[in-house]
Structures are given as structure tokens and as C-alpha cells.
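Protein sequences appear in the order of chains Z and G.
Here our numbering = 1-based position in the first sequence + 11.
Here our numbering = 1-based position in the second sequence + 11.
Note that CB positions come from ideal geometry on N, CA and C, so glycine has one too.
Below: one structure, written as C-alpha cells.
2 protein chains.
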Amino acid sequence: MRSNSKTNSWEASRPVKLVDIAKLANVSIATVSRSLAGSDRVSNDTRDRVIFAAEKLGYRANRHAVSLRKQRSRVILVMIPDFANHNFAQLLIHMDRAAHRAGYEVMIAHTGDDTLQADSLADELFAGGIAGIILTSSYCPPRVRSLLLSGKQLPVVRTLSPTGRDERITSVQIDEIAAADEIVTHLVEQGHRRIAHLAGEKTQLVAMQREEGWRRSIDRAGLKDAGVIYRGFRVEDGRAAARELVEGEDLPDAVFIASDSAAFGFVSELRLLGVSVPDQIAVAGFDDVSFSELFTPPLTTVHLPRQAMAERAVDTLVAIIEGGEPEGYSFIPHRLVVRESSFRHG
Amino acid sequence: MRSNSKTNSWEASRPVKLVDIAKLANVSIATVSRSLAGSDRVSNDTRDRVIFAAEKLGYRANRHAVSLRKQRSRVILVMIPDFANHNFAQLLIHMDRAAHRAGYEVMIAHTGDDTLQADSLADELFAGGIAGIILTSSYCPPRVRSLLLSGKQLPVVRTLSPTGRDERITSVQIDEIAAADEIVTHLVEQGHRRIAHLAGEKTQLVAMQREEGWRRSIDRAGLKDAGVIYRGFRVEDGRAAARELVEGEDLPDAVFIASDSAAFGFVSELRLLGVSVPDQIAVAGFDDVSFSELFTPPLTTVHLPRQAMAERAVDTLVAIIEGGEPEGYSFIPHRLVVRESSFRHG
DNA sequence: TTGTAAGCGTTATCAT
DNA sequence: ATGATAACGCTTACAA
Numbered sequence: 012m013r014s015n016s017k018t019n020s021w022e023a024s025r026p027v028k029l030v031d032i033a034k035l036a037n038v039s040i041a042t043v044s045r046s047l048a049g050s051d052r053v054s055n056d057t058r059d060r061v062i063f064a065a066e067k068l069g070y071r072a073n074r075h076a077v078s079l080r081k082q083r084s085r086v087i088l089v090m091i092p093d094f095a096n097h098n099f100a101q102l103l104i105h106m107d108r109a110a111h112r113a114g115y116e117v118m119i120a121h122t123g124d125d126t127l128q129a130d131s132l133a134d135e136l137f138a139g140g141i142a143g144i145i146l147t148s149s150y151c152p153p154r155v156r157s158l159l160l161s162g163k164q165l166p167v168v169r170t171l172s173p174t175g176r177d178e179r180i181t182s183v184q185i186d187e188i189a190a191a192d193e194i195v196t197h198l199v200e201q202g203h204r205r206i207a208h209l210a211g212e213k214t215q216l217v218a219m220q221r222e223e224g225w226r227r228s229i230d231r232a233g234l235k236d237a238g239v240i241y242r243g244f245r246v247e248d249g250r251a252a253a254r255e256l257v258e259g260e261d262l263p264d265a266v267f268i269a270s271d272s273a274a275f276g277f278v279s280e281l282r283l284l285g286v287s288v289p290d291q292i293a294v295a296g297f298d299d300v301s302f303s304e305l306f307t308p309p310l311t312t313v314h315l316p317r318q319a320m321a322e323r324a325v326d327t328l329v330a331i332i333e334g335g336e337p338e339g340y341s342f343i344p345h346r347l348v349v350r351e352s353s354f355r356h357g
Numbered sequence: 012m013r014s015n016s017k018t019n020s021w022e023a024s025r026p027v028k029l030v031d032i033a034k035l036a037n038v039s040i041a042t043v044s045r046s047l048a049g050s051d052r053v054s055n056d057t058r059d060r061v062i063f064a065a066e067k068l069g070y071r072a073n074r075h076a077v078s079l080r081k082q083r084s085r086v087i088l089v090m091i092p093d094f095a096n097h098n099f100a101q102l103l104i105h106m107d108r109a110a111h112r113a114g115y116e117v118m119i120a121h122t123g124d125d126t127l128q129a130d131s132l133a134d135e136l137f138a139g140g141i142a143g144i145i146l147t148s149s150y151c152p153p154r155v156r157s158l159l160l161s162g163k164q165l166p167v168v169r170t171l172s173p174t175g176r177d178e179r180i181t182s183v184q185i186d187e188i189a190a191a192d193e194i195v196t197h198l199v200e201q202g203h204r205r206i207a208h209l210a211g212e213k214t215q216l217v218a219m220q221r222e223e224g225w226r227r228s229i230d231r232a233g234l235k236d237a238g239v240i241y242r243g244f245r246v247e248d249g250r251a252a253a254r255e256l257v258e259g260e261d262l263p264d265a266v267f268i269a270s271d272s273a274a275f276g277f278v279s280e281l282r283l284l285g286v287s288v289p290d291q292i293a294v295a296g297f298d299d300v301s302f303s304e305l306f307t308p309p310l311t312t313v314h315l316p317r318q319a320m321a322e323r324a325v326d327t328l329v330a331i332i333e334g335g336e337p338e339g340y341s342f343i344p345h346r347l348v349v350r351e352s353s354f355r356h357g
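In C-alpha cells:
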């Protein structure tokens, strides 16, 4: 048990409660509550007096009392695998804003290494502690997953990361396959012929979809499979892939890399190995994080519409929470960003 | 008012409550509560039966009921000016972890453009909604500030950003002046003579302290003031400064830039203008965000010990919340990171 | 060792 | 239009 001394060093002045306002305004607490809630069953005069008193005392409702009584929380849990990744950080800004607009607060659960804490937070969905959950990776807390699979509708929405049809999670995403297809087609149009792919891990749906897009594009162009390296989305994965590629027979003309972070590592390691981008190998990434345009060379990539996804995800979730019908899937348009890293060499 | 239909599309199965466990285990609610709390005033047999029942039903305590009854929340509010900035994103990861370790949850308030929402959240400190506040910028919510200034002790800690002595906020920070001094001294030792400074805004304490460090270093070395440009900490500020500098008389040997982000913009814009770093101008930044080493050229900078600061800030706050004595200031050691951007040209 | 009951601050139902 | 009062789910004296 945690120490629970009664002598807090910060003398906690007693919070202002309804009863304090009631006394000051000379009405009952019921009337105070109604006035503050903007009910029309109060005389204008009384309401004004109450509101004045409330402001004078600096009243702030106790969220726990309200949530307990109303049996409904105004907290949305956002499950994030990695804060440090720009994708998630930016998503968070926009979710926070959208949530506030709708009258909700955002709480974060980090699903990084250890999901226990996060799962426990998510379970509060069933205890009324939180109103809904936004998933941003392929991860889904076990209890939520099993209920979802049993056909139950829950206030749970996934965004950023794609959702398999059989997962039954309301989803806000881009068309990953089409996006990958488009950017690889851009490489083809630049004149590149041997286009390899640095993919994510084979177990990840998002990686599989981006690979599928790459494959469709080279098939359509009648190009030969120049090889796939399965690694991951992090900087280090890109570095490792670069070393592997340089050790191999002959270099491809271009590489489509499934994430910008990996692309940074890839290009950076190639430079160390004396291979220059795009002169010797052209590169295209995926995500368009803020550093992509500052990178040398500036990275050609797919821009993830993070703001639109975040807002749509929140709005969808709020709609479900407040009794609407979940829509299943909704797709957000993506955008190609062509920069120097993909330019034809020579 | 928000629509509040009673027919939620997700049939909310009634949450499991203590009374459900009580029935299943054939004991009173009080005994259930005691068992789950690990009280020693319960027989082992009963406790086991209760815990078994609780797990079987998938019980999760209602946080609002607990907080209301215990008159103490387990939520820490972290006020962040900008999620997208790596500094804050990383800080958040570590705070989240440290908070969970101590049994708290983290809630985020974005103090970006509009502080109203954030202030309102912060005010919950006085209504019992949150247990304490961590500030990460110079911003401090008005009500908190005025109470602090009146000499009151509050569970409020600032980190990352320095605190003025007169602010009376418990603070976890690095020695900004010393750090700036050291990195400028490194530039001096590289042989640079005309060392300019790209500072933040004049109104910001952190900018003033870094400028002070720069000034001390060049004074000690007996160098002339090669000029200060006051802009800001963002990429765009760095770009603008680069243009201003190139338009001026003659270029300095080196520039100490008060933030890595601004340094990215500065170097990037210089490249566009045909000035190369570090060949024509050496550059040193401040922060050591994750891109700093991927940047071209890799950036010499001061590493902010984000993890240590985050953990110390949380621990300090928790100590105050739980009745300890606030320590005032505590300093975390920083570290110089020397990379190519500061190398002597020629 | 266990049960009974009061109460945390708020909202909502029922009177008046 | 307003006031009394019963919940909301939980913890914790106090009783047994």
C-alpha cells in the first residue's frame, strides 16, 4: 500500500461544491445544479445569481461525481504503440483537439513493450471509467477483441493502421494498397526498372498491404520482382536492410520502403557504405513525417492524412458512444509527395 | 445539449460491480472491497473466494466511484505546448511509464494556440478531478499561478523548461546556462572565432538562459559579439534567420542555435542559398532530438536528458501529492553530443 | 473476521 | 420555479 499521510504539505483548501454556491445564492443545491446545467426550468433571475456566485467562488464540477451519477464518462482512451514516432504524436494533437470540440478528454495508453497496463486501462470501458477507445496500431486489447469477435458492438474505433475485415472493428484508414501502388508506379514512371521493396514485418497487415500495392504496380508494368526484404518500420531496420542489400549481387534501381523512418536509416546507412541516393539508388518511403522534407535528399513518400484520420476517428467514436450506428469502414484520401529521393539517376 | 439517446447501438452489458461479486462469493460488499484491497482483516479463505469470483466476472473498479469516495484522483495532468515536437513526445513516453509505476494515469492538456481548454482541465486540481500537474513549458495556468504566487504549496511541477526563482514552482531542469556555455566553448575549441547566436524569443526564459551561456563563453574566450538573431525554436524560424544572415555583411564562422528544430531549418535554408555546413559555417544546436543524428550534416548539440527529467518530475510530483515536502529546484546532468556540424572548416 | 451503514458531489425524480 | 431526496459504486468507521 502506498503511504497515505493525512498531512499534505500543500494545505488543500476545500474544493468549492454545489452546496457552497447554494448558500451564497440562497437557493437549494438542486437549483444550483439546474442553473449551471442551463436548464430552462429556472427563472432567469435565479440563474444569473447562481452563475455569479459560482464564478465568484471559482466553482469547477467534480468530474468523478458527475461521471458516477450520470453513469457516463467523458474520457476517450487512445492506445498508442509509440509516442516518439511522429505519426502518433501528430495524430494525438488532432485527436485531442477533436475530442475537446466534442466535449471529451483524451487519455493515453502506451502499448509499447508491456500491454498489461494498457489492457487494464482499456478494461475500464466495461466499468464505466472510459467512454470509448481509439486504436492506432494492429493491437487490440484481448477483452475488447473477444467481445468484438462475438459480434458485440463496442465504442471502439481503429485508425492509422488498417483493419482486417474479420476483426469487426470500425475503422478509419487510407487505402494502403492503392497508395503503395501509386508510389511504386511513380518510380516506374521515373524510368526505374528493378524496383525492390523493403517491407515491414510479415505478421503485420499494414506491411502486407503495402507489399501488395508494390506487387500490383510492378506486375502491371511487366517488371520482374527485384526482391523483398522483410524487416520493420524503424530506423535500425532500414540500416540493416541497406547493409544486406549492398552485400548482395547487384543493386536495384530503386527501393520502395514501407515507412519513412526505415527510409531514413536505409539512406543514411547507404551513404556510410558509399552509395548515394538518388544517384545510384532511388528511394520512396511511406508516411510523410515532418522530417521527410528536411532529410537529405528530401524524401518522396505517401502523405498520411493524419489530421483527417484523427478527426474522423474521434467523430466516429463519439457518434457510437452517443448512440449512433457504426459505419464499419471509412477511407480517407491520401496524397503522393514527390521529392528528390526518387529522381531518375543519370 | 448533446444528443443523449437511450438506445446505444452497442448494447452496454451492465458493468460488474462489487455487489455482483458479493453475491457470487456469498459475502457482503464490504468484505469484497476489503479482499480486493488486500486488507489483512479478511480470512485467507474468504479472500481467495472473492478474488476468484472477481476474476471470473472480469471485475474492474469504477474509477469515478473510487476517486469520489477516496477524495483523491489518480490522474496527473501534463501540460504540453506541442505534441509534434520530439522533445515533448519523448518526455510523454517516460512520464507515462513513471506515472504507471507509481499507480497514476496521465492525461494531456494541449496548451498550443488556445489555453482555455487546458486551463479548464487544470482547474480540476481544485475540484479533485486531477491529483497534480506537470508543466513542460513556461506556461502556467492563471489560477495555479496566482495561488502559487500567494505562497501556497500546490502539487505542481515544471520540467524541461526552466523556472524563474520568483515563480515558486517546484522544478526539474538542466542547467541551461552551463549547457549553452559548454557547447559554445566547444565551438571555440574547434577554432571558430566569430560565433553568432540564433536565439529564441526574447520573452522566453529558456531563450534568455541559453543566450546568457553563449555570452559567458565568448566573453571568457575574449571573442567579439558576432551578433544575436532573436526568432524562435521552430524550423521556420531557422530558415528566416538563415536568409537574414546571408543578406548581411559577412558570415560568421559558426552559429550556436538555441534549438535543433531551428537548426534544421537554418542549415536546410543555407543549403538552398548555396552555403554549406560545416564547410562555410559551423553549427551547433540544442535538444538532441532523434533526427539530429540523421540530419545532414549530423548535428552537434546538447542532449536533453528527457527520460531522467520525466521520471524525476513524476516522482517529485507524486511525492508532493502523497504528502512529501517539495524540493524546490533539482538539476539533471546534461551531455554534449559532438557531431559533424560543428567541425572546423578548412 | 464479517456485516451494516454513512457518505463522497452530483443529477434527476418527485413533490410542492 | 424551486426544494427535498434518492441514487451512482465504492470505502471505511463502527457494530457485531
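Worksheet item: Mind checking whether residue 336 of chain G and residue 109 of chain G have CB atoms under 8 Å apart?
Response: By one-based count along the second sequence, residue 336 of chain G stands at place 325. By one-based count along the second sequence, residue 109 of chain G stands at place 98. No; because the gap between Cβ atoms is not below 8 Å, this pair is not in contact.
Worksheet entry | Interface partners of residue 104 of chain G on chain Z, CB under 7 Å | In the second sequence, residue 104 of chain G corresponds to position 93, counting from 1. Simply 94, 95, 121.
Worksheet item: Which bits of chain G does residue 26 of chain Z rub up against, with CB to CB less than 8 Å?
Response: Taking the first sequence and counting its residues from 1, the one referred to as residue 26 of chain Z is at position 15. Chain G residues near residue 26 of chain Z: 137, 138, 139.
Fill in: Any C-beta of chain G under 8 Å from that of residue 275 of chain Z
Locating residue 275 of chain Z in the first sequence gives position 264, where the first residue counts as 1. Yes, contact with chain G.
Worksheet entry | Sequence-distant residues of the same chain with beta carbon closer than 8 Å to residue 17 of chain Z, five excluded per side | On the first sequence, residue 17 of chain Z is found 6 positions in, with the first residue counted as 1. Since pLDDT at residue 17 of chain Z reaches only 39, below the 50 mark, its modelled position is unreliable, and the value read off the structure follows with that caveat. Answer for residue 17 of chain Z: no residue qualifies.
Item to complete: Quick one: give me the first and last residue of the alpha helix (DSSP H) that residue 57 of chain Z is part of.
Response: Reading the first sequence from its first residue, position 46 is the one you call residue 57 of chain Z. Annotation: the continuous alpha helix (DSSP H) that includes residue 57 of chain Z extends over 55-68.
Fill in: Inter-residue Cα distance where the pair is residue 255 of chain G and residue 214 of chain G
By one-based count along the second sequence, residue 255 of chain G stands at place 244. By one-based count along the second sequence, residue 214 of chain G stands at place 203. Those two C-alpha atoms are separated by around 21 Å.
Discussion item. Beta carbons nearer than 8 Å to chain G: which residues of the region 152-164 of chain Z have them?
Written reply: Taken in chain order, the members of the region 152-164 of chain Z whose beta-carbon sits within less than 8 Å of a beta-carbon on chain G are 154, 163, 164.
Item to complete: Please state if the CB of residue 69 of chain Z and the CB of residue 27 of chain Z are separated by a distance shorter than 8 Å.
Response: Here residue 27 of chain Z refers to the residue found at position 16 of the first sequence. Here residue 69 of chain Z refers to the residue found at position 58 of the first sequence. Yes, the pair counts as a contact, with Cβ atoms nearer than the cut-off.
Worksheet entry | Contact belief for residue 191 of chain G with residue 169 of chain G at Cβ below 8 Å, rounded distance in angstroms | For this step, residue 191 of chain G is matched to residue 180 along the second sequence. For this step, residue 169 of chain G is matched to residue 158 along the second sequence. Their Cβ separation, rounded to whole angstroms, is 19 Å, which puts residue 191 of chain G and residue 169 of chain G out of contact at 8 Å.
Worksheet item: Is there a Cβ from chain G that is less than 8 Å from the Cβ of residue 178 of chain Z?
Response: Reading the first sequence from its first residue, position 167 is the one you call residue 178 of chain Z. Chain G contact via Cβ: absent.
Worksheet item: Does the beta carbon of residue 325 of chain G sit closer than 8 Å to a beta carbon anywhere in chain Z?
Response: Indexing the second sequence from 1 puts residue 325 of chain G at position 314. So, not an interface residue.
Item to complete: Decide if residue 340 of chain G is buried, meaning its Cβ has at least 16 other Cβ atoms within 10 Å, or exposed.
Response: Numbered from 1 along the second sequence, position 329 holds the residue referred to as residue 340 of chain G. Counting the other Cβ atoms within 10 Å of the Cβ of residue 340 of chain G gives fewer than 16, which makes it exposed.
Worksheet entry | For residue 228 of chain Z and residue 175 of chain Z, the rounded distance between their alpha carbons | Locating residue 175 of chain Z in the first sequence gives position 164, counting from the first residue. Locating residue 228 of chain Z in the first sequence gives position 217, counting from the first residue. Each residue's Cα considered, the two are about 22 Å apart.
Practice prompt. Check residue 206 of chain Z in the structure and name its three-state DSSP category.
Written response: Counted from its first residue, the first sequence places residue 206 of chain Z at position 195. Residue 206 of chain Z: strand per DSSP, three-state reduction.
Worksheet item: Between which two residues does the alpha helix (DSSP H) containing residue 116 of chain G stretch?
Response: Residue numbering aside, residue 116 of chain G sits at position 105 when the second sequence is read from its first letter. Per DSSP, residue 116 of chain G belongs to no alpha helix (DSSP H); it is in the beta strand (DSSP E), 116-121.
Practice prompt. Quick one: which residues of the region 49-76 of chain G get their C-beta closer than 9 Å to a C-beta of chain Z? List them in chain order.
Written response: Those residues of the region 49-76 of chain G that come within reach of chain Z (Cβ to Cβ, closer than 9 Å) are 49, 69, 70, 71, 72, 73, 74, 75, 76.
Item to complete: Could you work out which residue in G:269, G:248, G:177, G:144 is closest to residue 165 of chain G when comparing CA atoms only?
Response: Sequence index remark: in the second sequence, residue 165 of chain G carries index 154 (1-based). Out of G:269, G:248, G:177, G:144, G:144 has the C-alpha closest to the C-alpha of residue 165 of chain G.
Worksheet item: Grouping DSSP H, G and I as helix and E and B as strand, with all else coil, what is residue 338 of chain Z?
Response: For this step, residue 338 of chain Z is matched to residue 327 along the first sequence. For residue 338 of chain Z, the secondary structure class from DSSP, reduced to helix, strand or coil, is coil.
Worksheet item: Interface residues of chain G around residue 321 of chain Z at Cβ under 7 Å?
Response: The residue given as residue 321 of chain Z occupies position 310 in the first sequence. Against chain G, a Cβ distance below 7 Å from residue 321 of chain Z picks out nothing, because the smallest value is about 11 Å.
Worksheet item: Taking the C-alpha atoms as reference points, what is the distance between residue 271 of chain G and residue 162 of chain Z?
Response: As a working note, residue 271 of chain G is residue 260 in the second sequence. As a working note, residue 162 of chain Z is residue 151 in the first sequence. Cα-Cα distance, rounded: 49 Å.
Worksheet item: Where does residue 164 of chain G sit, in a helix, a strand or coil, going by DSSP?
Response: Position 153 of the second sequence, counting from 1, holds the residue named residue 164 of chain G. Correct three-state label for residue 164 of chain G: coil.
Discussion item. If I measure Cβ to Cβ from residue 185 of chain G and keep anything under 6 Å in the same chain, skipping five residues before and after, which residues do I get?
Written reply: Indexing the second sequence from 1 puts residue 185 of chain G at position 174. Closer than 6 Å at the Cβ level, and outside the excluded window around residue 185 of chain G, lie 343, 345.
Item to complete: Find the nearest neighbour of residue 276 of chain G within the set Z:303, Z:296, Z:54, judged by alpha-carbon distance.
Response: Within the second sequence, the letter at position 265 stands for residue 276 of chain G. The shortest Cα separation from residue 276 of chain G among Z:303, Z:296, Z:54 belongs to Z:303.
Worksheet item: How many Å lie between residue 90 of chain G and residue 119 of chain G at the Cα?
Response: Looking up residue 90 of chain G in the second sequence gives position 79. Looking up residue 119 of chain G in the second sequence gives position 108. Between residue 90 of chain G and residue 119 of chain G, the C-alpha separation is close to 6 Å.
Worksheet item: In this structure, does DSSP put residue 186 of chain G in helix, strand or coil?
Response: As a first step, residue 186 of chain G is located in the second sequence; it is residue number 175 there, counting from the start. Of the three classes helix, strand and coil, the one that applies to residue 186 of chain G here is coil, per DSSP.
Worksheet item: Who are the near neighbours of residue 32 of chain Z in its chain, counting only those whose CB is closer than 7 Å to its CB and skipping five residues on each side?
Response: Position 21 of the first sequence, counted from the first residue, corresponds to residue 32 of chain Z. Cβ neighbours of residue 32 of chain Z beyond the five flanking positions: 43, 61, 64, 65, 68, 70.
Worksheet item: Unbroken beta strand (DSSP E) runs of length 3 or more, entirely within the region 250-284 of chain Z: which are they?
Response: If we require 3 residues or more, the beta strand (DSSP E) runs fully inside the region 250-284 of chain Z come out as 265-268.
Fill in: Cutoff 8 Å: residue 13 of chain Z Cβ touching any chain G Cβ
Taking the first sequence and counting its residues from 1, one reaches residue 13 of chain Z at position 2. Confidence is the limiting factor: at residue 13 of chain Z the pLDDT is only 37, short of 50, which leaves the residue's position unreliable, though a coordinate-based value still follows. Output row for residue 13 of chain Z: interface = yes.
Fill in: Inter-residue Cα distance where the pair is residue 147 of chain Z and residue 295 of chain G
If you number the first sequence from 1, residue 147 of chain Z lands on position 136. If you number the second sequence from 1, residue 295 of chain G lands on position 284. Looking at the two C-alpha atoms, the distance is approximately 36 Å.
Discussion item. Please report whether the beta-carbon of residue 239 of chain Z lies at a distance below 8 Å from any beta-carbon of chain G.
Written reply: Your numbering for residue 239 of chain Z matches position 228 in the first sequence. For residue 239 of chain Z, the nearest beta carbon of chain G is not closer than 8 Å to its own beta carbon.
Item to complete: Identify each residue in the region 299-313 of chain G for which the Cβ-Cβ distance to at least one residue of chain Z is less than 8 Å, and report them in chain order.
Response: For the region 299-313 of chain G, the beta-carbon criterion of a distance under 8 Å to any beta-carbon of chain Z is satisfied by 301, 302, 305, 306, 307.
Practice prompt. Report yes or no: do three or more beta-carbon pairs, one from the region 80-88 of chain G and one from the region 112-129 of chain G, lie closer than 8 Å?
Written response: The region 112-129 of chain G and the region 80-88 of chain G touch, with three or more beta-carbon pairs separated by less than 8 Å.
Discussion item. I want to verify the contact list: residues of chain G whose CB lies under 7 Å from the CB of residue 118 of chain Z, in sequence order.
Written reply: If you number the first sequence from 1, residue 118 of chain Z lands on position 107. Chain G residues near residue 118 of chain Z: 116, 118.
Worksheet item: What residue does the beta strand (DSSP E) around residue 347 of chain G start on, and which one ends it?
Response: Here residue 347 of chain G refers to the residue found at position 336 when the second sequence is read from its first residue. Where residue 347 of chain G is concerned, the enclosing beta strand (DSSP E) stretches over 346-348.
Worksheet item: Nearest-angstrom Cα distance between residue 279 of chain Z and residue 247 of chain Z?
Response: Locating residue 279 of chain Z in the first sequence gives position 268, counting from the first residue. Locating residue 247 of chain Z in the first sequence gives position 236, counting from the first residue. Rounded to whole angstroms, the separation of the alpha carbons of residue 247 of chain Z and residue 279 of chain Z is 10 Å.
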